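Student:
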Amino acid sequence: MLLLANAEAWPGFPLAIDMLKAGAASLDAMVAGIGRVEAEPKVRSVGYGGWPNMLGVMECDGAVMDGNTRAVGSVGAVPDTLHVTALAHEVMKRLPHVVLTGDGARRFATEIGFPLTDMLLEDSKRVWWERLEKEFSAGELEKFPNIPLAPLSTAITDPERVRDTTVFLSADAERGIHAATSTSGWAWKYPGRLGDSPIPGAGFYADSRYGAAACTHTGEMTMRCATARSIVLAMKLGRPLGDAIKLAVDELAELTEGFLGGVVIHAVDAHGNYKVVNFRCQGEIRYWLWEESMSGPELRAASDA
Ligand code: GLY
């Protein structure tokens, strides 16, 4: 049994391990673990701790994928909702659909008893507004939000700090290989923007026969390359884990236009191998790993692409 997650997973990684040890279904364990990450204000890219969109509204994305059945549940740009990964899990279990977004996702949340949650922390609101004050003239601020927002979406970008997320991957000989994600997305994003975390094949993919992959950071690139699916497909076609990741990294490196930044790839295969690779993100990237043979979770360094 193996559990792998990015560094932001710290508030919920131990709970997911405990649940796996107690025999819980892998997705239940990861969704519960991510629930703790979403509730932790110190994690500044997921749930409560995340940053709002340009209008000062928190819009969160989350997803789950069952690698045994390739069933997916996903929600994107959901307002007023803390536990978006749990909501995505309910989409998978209760609806014939794969992805719900925005007001529709919130409506479904209300129907099944998810509370309306004020997601914007006072501190996030202050930082959000201070940033707008730097970018807009006094006249524009007076008219805000009835002004064009598009120019701002290129002005406000910080790919290394505001486009993270949390991703969990689990692999178990009997229970299979599964993936779960959650994020508040790109800070000061244009309203309605989806990142890769709710997009199957881009920010996550799992197939218990071959492996799984999940990405953090610049979703604008992994969506264009279908990075997570490419890795799992390469493994299906017989490439070893490292080669499969290299193929995906080469595809990211081929992009020369559009918004470019760093990407971190997390991947596992069906033979118990795992790898976390940093493609052009600044600073040291770390990840959590736990295997049944370990006494506890370990924080390890990703390798450079
Ligand atoms: N990878 C997270 C995002 O692009 O929103």
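Each residue of the sequence shown is one higher than the last, beginning at 33 in this note's numbering.
A virtual CB, placed ideally from N, CA and C, is assigned to each residue, including glycine.
Keep in mind that this is a model prediction, so the values were computed, not measured.
Taking 7 angstroms as the cut-off, is the CB of W220 close to at least one heavy atom of ligand 3?
Tutor: You won't find ligand 3 in this model; what it holds is ligand 1.
Student: In angstroms, rounded to a whole number, what distance separates the CA positions of I188 and R207?
Tutor: If you take the alpha carbons of I188 and R207, they lie about 43 angstroms apart.
Student: Which of helix, strand or coil does DSSP assign to E324?
Tutor: Coil at E324, not helix or strand.
Student: In angstroms, rounded to a whole number, what distance separates the CA positions of E52 and E167?
Tutor: The question names Glu, but residue 52 is Leu in the sequence shown. Taking the straight line joining both Cα atoms gives about 47 angstroms.
Student: Return yes when the Cβ of V69 is within less than 8 angstroms of the Cβ of C92, no when it is not.
Tutor: It is not a contact, given that the beta carbons lie outside the stated cut-off.
Student: Nearest-angstrom Cα distance between V309 and A137?
Tutor: Straight-line Cα distance between these residues: approximately 33 angstroms.
Student: What separation, rounded to the nearest whole angstrom, lies between the Cα atoms of L265 and E172?
Tutor: Near 48 angstroms, if we compare the C-alpha coordinates of E172 and L265.
Student: Between A71 and L331, how many whole angstroms is the CB-CB distance? I'm expecting something under 8 angstroms.
Tutor: 21 angstroms between Cβ atoms; not a contact.
Student: Using only CA atoms, which one of P43, G304, V96, P84 lies nearest to S214?
Tutor: Out of P43, G304, V96, P84, V96 has the C-alpha closest to the C-alpha of S214.
Student: Helix, strand or coil for G105 per DSSP?
Tutor: It is a strand residue.
Student: Look up E192 in the DSSP assignment and say whether it is helix, strand or coil.
Tutor: A caution first: E192 carries a pLDDT of 47, below 50, which makes its placement in the model unreliable, though a value can still be read off. Correct three-state label for E192: coil.
Student: Looking at the structure shown, is E206 part of a helix, part of a strand, or coil, going by DSSP?
Tutor: Coil, per DSSP.
Student: With DSSP run on the structure shown, which of helix, strand or coil describes C247?
Tutor: Strand, per DSSP.
Student: Which residues in the same chain as A334 place their Cβ atom closer than 7 angstroms to its Cβ, once the five residues preceding and following it in sequence are excluded?
Tutor: Excluding sequence neighbours, A334 sits near V296, V308, V309, N310, I317, R318, Y319.
Student: Rounded to the nearest angstrom, what separates P191 and G251 at their Cα positions?
Tutor: For P191, the pLDDT reaches just 46, beneath the cut-off of 50, and the residue's location in the model is therefore unreliable, leaving the point undetermined.
Student: Can you grab the Cα-Cα spacing for the pair S229 / G65, in whole Å?
Tutor: Cα to Cα, S229 sits roughly 16 angstroms from G65.
Student: Determine, using beta-carbon pairs with one atom in the segment 233-248 and one in the segment 261-277, whether at least three such pairs fall under 8 angstroms.
Tutor: At 8 angstroms Cβ cutoff, the stretches touch.
Student: With a threshold of 7 angstroms, establish whether the CB of H129 neighbours any heavy atom of ligand 1.
Tutor: Incorrect: H129 has no Cβ contact closer than 7 angstroms to ligand 1.
Student: Any heavy atom of ligand 1 closer than 7 angstroms to the beta-carbon of T339?
Tutor: With the chain covering 33 to 337 only, the question about residue 339 has no answer from this structure.
Student: Looking only at its chain, what residues have a beta carbon closer than 7 angstroms to the beta carbon of L47, apart from the 5 residues adjacent to it on each side?
Tutor: So the qualifying residues of the chain are A64, G65, R68.
Student: Should G303 go down as buried or exposed, given a rule of 16 or more other Cβ atoms within 10 Å for buried?
Tutor: Reading the sequence as shown, one finds His at residue 303 and not Gly. H303 comes out exposed.
Student: Report yes or no: do three or more beta-carbon pairs, one from the segment 77-88 and one from the segment 121-135, lie closer than 8 angstroms?
Tutor: No, they do not touch.
Student: Could you tell me which uninterrupted alpha helix (DSSP H) segments, each at least 4 residues in length, are contained entirely in the segment 216-278, listed from first to last along the chain?
Tutor: Counting whole runs of 4 or more residues, the segment 216-278 contains the alpha helix (DSSP H) stretches 251-257, 259-268.
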